[in-house]
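Colleague: If you're matching positions, the sequence shown starts at 84 in this note's numbering and goes up one per residue. After the structure tokens below, expect a handful of questions from me.
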Amino acid sequence: MYIEKLKVRPRQAAAIRPCTTQFAAMLACWSASNDLMSTGPCAESAKALLQCMRTAPAPTRKHKPTINYHLARLGKTLN
């Protein structure tokens, strides 16, 4: 199917996610020591993750048009 006026935007770069290293350390500690309540050896990792989450900036979300919006636009070009 070929539509003359249809434009596709290229994908954006991956978003930078804060606290991923602390989260990975927490998961690794849970896996290694089976301390899911973070009371023993994983307490330090839990504190580091909590501190990072408190200081990290809140992510801003852009408005993402719904599929109905895109279908309505596409319908106008096909008719």
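C-beta: ideal position from N, C-alpha, C; glycine also.
Tell me which residue opens and which closes the alpha helix (DSSP H) that ARG137 is part of.
Modeller: Counting from 1 along the sequence shown, the entry for residue 137 is found at position 54. Looking at the DSSP string, the run of the alpha helix (DSSP H) that includes ARG137 is 126–138.
Colleague: If you draw a straight line from the alpha carbon of SER128 to that of THR122, how long is it in whole angstroms?
Modeller: The residue labelled residue 128 in the question sits at position 45 within the sequence shown. The residue labelled residue 122 in the question sits at position 39 within the sequence shown. Roughly 10 angstroms separates the two Cα atoms.
Colleague: Considering Cα atoms alone, identify which of ARG92, PRO101 and TYR85 is closest to PRO140.
Modeller: The residue labelled residue 140 in the question sits at position 57 within the sequence shown. Considering only alpha carbons, the answer is PRO101.
Colleague: Using C-beta distances below 6 angstroms, list every residue in its chain close to ALA108, excluding the 5 sequence neighbours before and after it, in chain order.
Modeller: Along the sequence shown, read from residue 1 onward, the residue named residue 108 stands at position 25. Excluding residues within five positions, the ones whose Cβ falls inside 6 angstroms are SER128.
Colleague: How big is the Cα-Cα spacing for THR138 and LYS145?
Modeller: Locating residue 138 in the sequence shown gives position 55, counting from the first residue. Locating residue 145 in the sequence shown gives position 62, counting from the first residue. Each residue's Cα considered, the two are about 22 angstroms apart.
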